[in-house]
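Residue numbers (full-length UniProt numbering): 1 to 269. Below is one structure, written out as structure tokens, with a few remarks after it.
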């Protein structure tokens, strides 16, 4: 075995030699391993150096860098992971122009771990505050949703209208920060109303009925009207809300003069 230990320039020159011979990066790596054993370049490094060769860049020396090492914001790293969570430390470091150790430290600071080749938030973080753990899980769900939308519905990726309540996991700081970065519209949620009451049925007027059966009939009628409107116009959910759905408020323990419970249904305008 050769006792010669190649430096960076020597190794890159060897790679260039095999590139000119029209060998692939994998073939070049296999030959180098057979020759230099533990001193051989990694497969990833071989592939990285074949890229500039393919672009007719045959410079073997490191390019000069001036000034202090480049600093980057966490949001830059998170955006790269959103675009492709399978990127390696080496690939992330090249894009951000920092070394792999710097990327690794920031990933740990963000609570990211690698599972099945993908960077994801650490779901099982031990904490005395359960909602923080639930917030991490919710943020992971949002990340998966965001990626799925980008792949399957690219036209609507940045036009999402999100409605969720103000449970602690939903308003945790990492979740709020992530939603702000996605630029999704988050609808307000009053504590005293269900989401459907507040946002889907924005129009209506007050009516009074004398029985629960009447309320049911009115609800069925509303459903039929909206279905007909949908078939006729292929309307969006927002357009369908122009037809009011009664919301029932049945008094507890109150009876009218006939001895029957009084039921009031109101359409919210």
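Where a beta carbon is used, it is the ideal one built from N, C-alpha and C, also for glycine.
Test item: CB-CB of residue 110 and residue 100 under 7 angstroms: It is not a contact, given that the beta carbons lie outside the stated cut-off.
Among residues of its own chain, excluding the 5 on either side of residue 112, which ones have a beta-carbon nearer than 8 angstroms to its beta-carbon? Excluding positions up to five away in sequence, the list reads 81, 119, 120, 121, 122.
So, under 8 angstroms CB-CB, residue 138 and residue 175 are touching, yes? Tell me the CB distance rounded to an integer number of Å. So it is a contact: roughly 6 angstroms between Cβ atoms.
Is the Cβ-Cβ distance between residue 106 and residue 77 less than 7 angstroms? The answer is yes: Cβ separation under 7 angstroms.
DSSP three-state assignment for residue 185, whether helix, strand or coil: In the structure shown, residue 185 sits in a strand (DSSP, three-state: E or B).
For residue 10, report the span of its alpha helix (DSSP H) as first-last. Going by DSSP, residue 10 is part of the alpha helix (DSSP H) stretching over 8-20.
Expressed to the nearest angstrom, what Euclidean distance is found between the alpha-carbon atoms of residue 179 and residue 160? Going by the C-alpha atoms only, they are around 10 angstroms apart.
Please state the DSSP three-state secondary structure of residue 159. In the structure shown, residue 159 falls within a coil segment according to DSSP collapsed to helix, strand and coil.
Since I believe residue 9 is in contact with residue 60 (beta carbons under 8 angstroms), could you give me their beta-carbon distance rounded to a whole number of angstroms? Rounded, the Cβ-Cβ distance is 5 angstroms, consistent with contact.
As assigned by DSSP and simplified to three states, the class of residue 115: When secondary structure is reduced to three states using DSSP, residue 115 falls in the strand class.
Leaving out five residues on either side along the sequence, give the residues of the same chain with a beta carbon under 6 angstroms from the beta carbon of residue 44. Within the same chain, Cβ atoms closer than 6 angstroms to the Cβ of residue 44 are found at 90, the five residues on either side in sequence being excluded.
Cα-Cα separation between residue 32 and residue 51, rounded to whole angstroms: Going by the C-alpha atoms only, they are around 18 angstroms apart.
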